[in-house]
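Engineer: For the sequence shown, the numbering used here gives the first residue as 14, with consecutive numbering after it. C-beta atoms are modelled at their ideal positions from N, C-alpha and C, and glycine is treated no differently. Below you will find the structure I want to go over with you.
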Amino acid sequence: MIETERLLLRPPVLDDFEASYALLSDPAVMSFIGGPLSREESWHRLLRYAGHWSLLGYGLFVIIEKESGRLLGQTGLADFHRGLGEVFDPYPEAAWITATAAHGRGIAAEAVGAAHAWFDANRPQTRTVCIINPNNTASVRLAGKLGYAPFGQASYKSAEVTMFERIRL
């Protein structure tokens, strides 16, 4: 578990399903990443995230607001096997998503920064990657703050995305 000033980050558990489904089925939250997920797709995603922790020793955390106990999002690094080639797929991929209640409050920056600090302290990999819809200016800006730089374009599930990389020295 990771604790920041306002947040707790921990691996997902079964009790996170309803809140995760509410997050992942919100059209506003999912607008840049393929649209809202069904209940079944949200369930599969929860299982995938739990599987990352079980098999790889790292994965996505759920973001919990300490004051309210609300699930505000998900962030971490994972291995998604997206089929984007040798410049992308072999490397841990950063991901983040936050509820609309977290937008504009610095929650994403606090959570994603803490997840990266944990990863850097606990994993040997020095290169991480992420893909972002170029119209998602908030995520592009956050990636830059974390040290990510664009290195290419790709098409993923019929959407154009920018590939970013971060090299830890």
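Which of the three DSSP states, helix, strand or coil, is assigned to Phe132?
Structural biologist: Residue numbering aside, residue 132 sits at position 119 when the sequence shown is read from its first letter. Helix.
Engineer: Could you spell out the range, first to last residue, of the alpha helix (DSSP H) harbouring Arg154?
Structural biologist: As a working mapping, residue 154 is identified with position 141 in the sequence shown. Taken as a continuous stretch (DSSP letters only), the alpha helix (DSSP H) holding Arg154 covers 150-158.
Engineer: Nearest-angstrom Cα distance between Gly43 and Ala112?
Structural biologist: Your numbering for residue 43 matches position 30 in the sequence shown. Your numbering for residue 112 matches position 99 in the sequence shown. The amino acid at residue 43 is misidentified as Gly; the sequence shows Met. Taking the straight line from one Cα to the other gives about 9 Å.
Engineer: Taking 8 Å as the limit between beta carbons, can you name the residues of its chain near Gly86, skipping five residues before and five after?
Structural biologist: Here residue 86 refers to the residue found at position 73 of the sequence shown. So the qualifying residues of the chain are Leu36, Val75, Ile76, Trp109, Ile110, Thr111, Ala112, Ala115, Ile120, Ala121, Ala124.
Engineer: Buried or exposed, going by whether 16 or more other CB atoms sit within 10 Å of the CB of Arg140?
Structural biologist: Start at 1 with the first residue of the sequence shown, and residue 140 comes out as number 127. The residue is exposed, with fewer than 16 neighbouring Cβ atoms inside 10 Å.
Engineer: Thr141 bridges to which residues according to DSSP?
Structural biologist: Numbered from its first residue, the sequence shown carries residue 141 at position 128. Thr141 is bridged to Arg179.
Engineer: Among all the DSSP beta bridges, which residues are the ones paired with Val174?
Structural biologist: Residue mapping note: residue 174 aligns to position 161 of the sequence shown, counting from 1. Looking at the DSSP assignment, Val174 forms a beta bridge with Ala167.
Engineer: Give the range of the alpha helix (DSSP H) segment to which Phe86 is assigned.
Structural biologist: By 1-based counting over the sequence shown, the position of residue 86 is 73. With the sequence shown as reference, residue 86 is identified as Gly, and Phe is not the correct amino acid for it. From DSSP, Gly86 is part of no alpha helix (DSSP H) but of the beta strand (DSSP E) over 84-91.
Engineer: Determine the DSSP secondary structure at Phe74, reduced to helix, strand or coil.
Structural biologist: For the purposes of this step, residue 74 is identified with residue 61 of the sequence shown, where counting begins at 1. It is a strand residue.
Engineer: To which residues of the same chain is Asp133 closer than 8 Å at the C-beta, ignoring the five residues directly before and after it?
Structural biologist: Stepping through the sequence shown from its first residue, residue 133 is reached at position 120. So the list reads Arg181, once near-sequence residues are dropped.
Engineer: Give me the DSSP bridge partner(s) of Arg23.
Structural biologist: One-based indexing of the sequence shown puts residue 23 at position 10. Val75, per the DSSP bridge assignment.
Engineer: Taking all protein chains shown into account, do 16 or more other C-beta atoms lie within 10 angstroms of the C-beta of Glu78, making it buried, or fewer, making it exposed?
Structural biologist: Stepping through the sequence shown from its first residue, residue 78 is reached at position 65. Classification for Glu78: buried.
Engineer: If we call anything under 9 Å between Cβ atoms a contact, is Ala107 one with Ala127?
Structural biologist: By one-based count along the sequence shown, residue 107 stands at place 94. By one-based count along the sequence shown, residue 127 stands at place 114. Their beta carbons are not under 9 Å apart, which means Ala107 does not touch Ala127 by this criterion.
Engineer: Taking Gly72 and Gly89 to be in contact with their CB atoms under 8 Å, please state how far apart those CB atoms are, rounded to whole angstroms.
Structural biologist: Counted from its first residue, the sequence shown places residue 72 at position 59. Counted from its first residue, the sequence shown places residue 89 at position 76. Correct: roughly 6 Å between the Cβ atoms.
Engineer: In this structure, what does DSSP give as the bridge partners for Ala107?
Structural biologist: As a working note, residue 107 is residue 94 in the sequence shown. Beta-bridge pairing links Ala107 to Leu90.
Engineer: Please return the same chain residues whose Cβ sits closer than 8 Å to the Cβ of Phe164, not counting the five positions on each side in sequence.
Structural biologist: As a position in the sequence shown, residue 164 is number 151, starting the count at 1. Once the five neighbours on either side are set aside, the close Cβ partners of Phe164 are Val100, Met176, Phe177, Glu178.
Engineer: Taking Cβ to Cβ, would you say Ala172 is nearer than 9 Å to Gly47?
Structural biologist: For the purposes of this step, residue 172 is taken as residue 159 along the sequence shown, with counting starting at 1. For the purposes of this step, residue 47 is taken as residue 34 along the sequence shown, with counting starting at 1. Yes, the Cβ-Cβ distance between Ala172 and Gly47 is below 9 Å.
Engineer: Would a C-beta distance cut-off of 9 Å place Gln166 and Val153 closer than the cut-off?
Structural biologist: On the sequence shown, residue 166 is found 153 positions in, with the first residue counted as 1. On the sequence shown, residue 153 is found 140 positions in, with the first residue counted as 1. Their beta carbons are not under 9 Å apart, which means Gln166 does not touch Val153 by this criterion.
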